[in-house]
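Read left to right, the sequence shown gives residues 107 to 284 (the numbering used here). Quick notes on the structure that follows.
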Amino acid sequence: WSMIGWTTGQGYYEGTSLPLTSDYITGKTLTNMGSKKISDIFGMLGFISTDYLVSVGPAGVVYIPSFIGNTLKSLLPGRGYWIYLPADKTITVPGRPLEATEQLPLGIGWNQVGYWGTNDVAPATGFACIAGTYDVIVNEAGQVYIPGFIGSTLKKLQKNRGYFIHNTTPTTLRFNCP
């Protein structure tokens, strides 16, 4: 499993309705796929259906190649996505990288986010702008950061990776504090 961060200002959705503004960084470009599907976006990223077996987005929505019941209908700026790959693969997410001042709404509970802050910093530093609003951060390897807990195993954040953040209060994620 790899957790990627969709850390550019270009997003995609299928269907006729725009995603909720609370689900992505507003003001970014969202392209309607028309008759195309999320599989076409994965193809644009260089994946073929045998490259990945499943992708899981925020709120547990799922995309599995050749499965008729897929619920993952968008890839949105600022969010994180799990992808199960049978082999290592490098991808480039299309669009302009997000700026540190851009803001992503986060609700109470678990949020899947892409990290577009400073690379190789401690979680307390990287997520300083939302200090006090979360109690746990987890990466794809299951490493955990708990504020104030000396046994935390998540030591450094990686740009363009995805993370789970458990919020205790609604907030807005940004990496340049006012």
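Virtual Cβ for every residue (Gly too), placed ideally from N, Cα, C.
Within 9 Å, strictly: CB atoms of residue i and residue j
i, j, result
"L212", "I131", "no"
"I147", "Y118", "yes"
"M109", "Y187", "yes"
"G220", "G152", "no"
"T274", "I214", "yes"
"T113", "N266", "yes"
"I236", "T207", "no"
Inter-residue CB distance, residue i and residue j (contact presumed, cutoff 8 Å)
i, j, result
"A204", "G133", "Inspection of the sequence shows that residue 204 is occupied by Leu rather than by Ala. L204 to G133, Cβ: 11 Å. No contact."
"L185", "Q209", "For clarity, residue 185 is Arg in the given sequence; the question names Leu instead. Their Cβ separation, rounded to whole angstroms, is 13 Å, which puts R185 and Q209 out of contact at 8 Å."
Coil, strand or helix - residue i by DSSP
i, result
"T299", "Limits of the chain in this structure are 107 at one end and 284 at the other, which puts residue 299 out of reach."
"T239", "coil"
"P203", "strand"
"S128", "helix"
"G111", "strand"
Beta-ladder partner(s) of residue i, from DSSP
i, result
"V219", "R185 and Y269"
"N138", "Y119"
"P211", "T278"
"L263", "V227"
"S258", "DSSP lists no partner for S258."
Residue ranges of each beta strand (DSSP E) run of no fewer than 3 residues wholly in the stretch 143–170, ordered along the chain?
160–162, all fully within the stretch 143–170.
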